[in-house]
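Chemist: Have a look at this one.
Number of protein chains: 2
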Amino acid sequence: MKISAKGRYALDLMIDVVQHGSDKCVSIKESARRLDISQKYLEQIAAQLAKGGLLRSVRGSSGGYTLTRKPHQYTAGDILRITEGSLSPISCVEVGGCEKLSECGTIDFWTGFNNVIQKYVDSVTLDDLVRTKEEKAGNNYYI
Amino acid sequence: MKISAKGRYALDLMIDVVQHGSDKCVSIKESARRLDISQKYLEQIAAQLAKGGLLRSVRGSSGGYTLTRKPHQYTAGDILRITEGSLSPISCVEVGGCEKLSECGTIDFWTGFNNVIQKYVDSVTLDDLVRTKEEKAGNNYYI
DNA sequence: TGAATTCCTACCGGGTTAGTAGTATAATGT
DNA sequence: ACATTATACTACTAACCCGGTAGGAATTCA
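Sequence order for the protein chains is B and L. With the first letter of the first sequence counted as 1, position 21 gets the number 21 in my numbering; the numbers rise by one all the way through. Convert by adding 1000 to the 1-based position in the second sequence; the result is the number in my numbering.
Following this line, the structure appears as structure tokens:
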């Protein structure tokens, strides 16, 4: 029951694009260096996010990625579902996930589980994530 | 981000022990047949639950497994954590899971995620699961 | 043209999952 | 005593997924 590194990286990347792409494109090379992630791997993740419509890609020199919406219009769930799939704790609760749902005695438990997960990840926006990170960075000056 | 089959089986097994072990032991052979799960695999799961203190094992003929507490004294989380581990969505939130937590900008999000998961799975007891299943079985007569 | 960037696809080593298999050990019923 | 019925323990395995690595093609800018 773990979110993969890919999902964490995707979240980190989106935050990085917000923080360093206010006017210009953000290149994966830069992000990968800042975030200390394999550049090649991060390229694949960025491509996936672009394919999913969360980032716009610009090819060529001085290209990179920009947001397609404003930070408060993305939820963490939007981002994680692109890389992780549905985020549901078992496939039974997905459409067509199980053929004998009507007989299943535990489906209510799993559906409830799925609901709290989706509700949480969709309650946090990219804007929230960026602000939390920046607050924390600010506090670190006083350590 | 999926609960494994082992976790689902563990929950199903515990329910089965409640439903068929009010006075006597429940053998894995019987449970495996009722639940349509590989007997040998279910044996391993039962052993794990016994090791974790959730079941008491009785060897020999007419042996099997019984509960060690009353159904309302187990939470779904108790059962799932035995087979699945911590249930936390990333290892960073576990003790010693990450060495640079103080610098991490997303840890609050992940901690919050972990909290809603633990809260949910610990809000449902084995007794709840059994009752939901029995209610559902009752309703099926009217289909 | 050359440098910088994304795009696409193939590959790979290591770990996990969902079992299978065999044998040892213990308790019961007759 | 002994056959039967259980759990206990350990080893093995095929298939899948994860976290990359690698190489080159396509595109854009200076």
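Note that beta-carbon positions come from the ideal geometry of N, C-alpha and C, so glycine has one too. Only a predicted model underlies this, so the values are computations on that prediction, with no experimental measurement involved.
Near Asp127 of chain B, what residues of its chain come up, given a Cβ to Cβ distance below 6 Å and the 5 sequence neighbours on each side ignored?
Modeler: Here the set comprises Pro71, His72.
Chemist: Can you list, in chain order, the residues of its chain whose CB lies under 7 Å from that of Ile1143 of chain L, leaving out five sequence neighbours each side?
Modeler: No answer about Ile1143 of chain L holds up, because its pLDDT of 48 lies below 50 and its placement is not dependable.
Chemist: Going by CA-CA distance only, name the one from B:Val26, B:Cys25, B:Ile45, B:Arg34 that's closest to Ser4 of chain B.
Modeler: The shortest C-alpha separation from Ser4 of chain B is found at B:Ile45.
Chemist: Which residues, taken in chain order from the segment 1065 to 1091 of chain L, show a beta carbon closer than 9 Å to some beta carbon of chain B?
Modeler: Answer in chain order: Ala1076, Leu1080, Glu1084, Gly1085, Ser1086, Leu1087, Ser1088, Pro1089, Ile1090, Ser1091.
Chemist: Along the alpha helix (DSSP H) that carries Ser1062 of chain L, what are the first and last residues, could you check?
Modeler: Counting along the chain, Ser1062 of chain L falls outside any alpha helix (DSSP H), and DSSP gives it neither H nor E.
Chemist: Using a Cβ-Cβ cutoff of less than 6 Å, which residues in the same chain neighbour Ile37 of chain B once the five nearest sequence positions on both sides are dropped?
Modeler: Within the same chain, Ile37 of chain B has close Cβ partners Tyr9.
Chemist: Pull up the DSSP beta-bridge partners for Val1026 of chain L, would you.
Modeler: Answer is L:Tyr1065.
Chemist: Between Tyr1009 of chain L and chain B, is the shortest Cβ-Cβ distance under 8 Å, so that the two count as touching?
Modeler: Not an interface residue.
Chemist: Would you kindly report the start and end of the unbroken alpha helix (DSSP H) that includes Leu101 of chain B?
Modeler: It is not in any alpha helix (DSSP H) - Leu101 of chain B carries neither H nor E in the DSSP assignment.
Chemist: Since Lys1133 of chain L is in the alpha helix (DSSP H), which residue starts that stretch and which ends it?
Modeler: Residues 1126 to 1139.
Chemist: Can you tell me the Cα-Cα spacing of Thr1066 of chain L and Leu101 of chain B, whole angstroms?
Modeler: Approximately 28 Å, taken between the alpha carbons.
Chemist: Please classify Leu42 of chain B: does DSSP put it in a helix, a strand, or coil?
Modeler: It is helical.
Chemist: Hey, out of L:Tyr1120, L:Ala1137, L:Val1018, whose CA is closest to Leu1087 of chain L's CA?
Modeler: Considering only alpha carbons, the answer is L:Tyr1120.
Chemist: What do you reckon, are the CB atoms on Arg33 of chain B and Asp16 of chain B nearer than 8 Å?
Modeler: No.
Chemist: Could you check whether the segment 1102 to 1122 of chain L touches the segment 106 to 122 of chain B, counting it as contact only if at least three pairs of C-beta atoms, one from each stretch, sit closer than 8 Å?
Modeler: Output reads yes: the segment 106 to 122 of chain B touches the segment 1102 to 1122 of chain L.
Chemist: Using CA atoms only, rank isn't needed, just tell me which of B:Leu129, B:Ala50, B:Glu84, B:Gly63 is closest to Trp1110 of chain L.
Modeler: Of the candidates B:Leu129, B:Ala50, B:Glu84, B:Gly63, the one whose C-alpha sits nearest the C-alpha of Trp1110 of chain L is B:Leu129.
Chemist: Can you tell me where the alpha helix (DSSP H) with Tyr1074 of chain L in it begins and where it stops?
Modeler: Neither: Tyr1074 of chain L is in no alpha helix (DSSP H) and is coded neither H nor E.
Chemist: Quick check on Leu1087 of chain L: does DSSP put it in helix, strand or coil?
Modeler: Coil, per DSSP.
Chemist: Count the other CB atoms, across all protein chains shown, that sit within 10 Å of the CB of Asp78 of chain B; report buried if there are 16 or more and exposed otherwise.
Modeler: The residue is buried, with at least 16 neighbouring Cβ atoms inside 10 Å.
Chemist: For the alpha helix (DSSP H) containing Asp16 of chain B, list its first residue and its last residue.
Modeler: Its alpha helix (DSSP H) spans residues 5 to 20.
Chemist: How big is the Cα-Cα spacing for Val1058 of chain L and Glu135 of chain B?
Modeler: Val1058 of chain L and Glu135 of chain B: Cα-Cα distance of roughly 57 Å.
Chemist: Have a look at B:Leu54, B:Gln39, B:Leu42 and flag the residue whose alpha-carbon is nearest the alpha-carbon of Val174 of chain B.
Modeler: No information on residue 174 of chain B is available, as it lies outside the stretch 1 to 143 that chain B covers here.
Chemist: Taking the C-alpha atoms as reference points, what is the distance between Gly1096 of chain L and Ile82 of chain B?
Modeler: When rounded, the distance between both Cα atoms is 29 Å.
Chemist: Expressed to the nearest angstrom, what Euclidean distance is found between the alpha-carbon atoms of Ala47 of chain B and Asn139 of chain B?
Modeler: So the two alpha carbons sit approximately 34 Å from each other.
Chemist: Measure from the C-beta of Met1001 of chain L to each C-beta in chain B and report whether the shortest distance is under 8 Å.
Modeler: Met1001 of chain L counts as touching chain B.
Chemist: Given this structure, state the Cα-to-Cα distance separating Leu1011 of chain L from Pro1089 of chain L, to the nearest angstrom.
Modeler: Looking at the two C-alpha atoms, the distance is approximately 20 Å.
Chemist: Could one say the Cβ of Asp1108 of chain L lies closer than 8 Å to chain B's Cβ atoms, at least one of them?
Modeler: So, interface residue.
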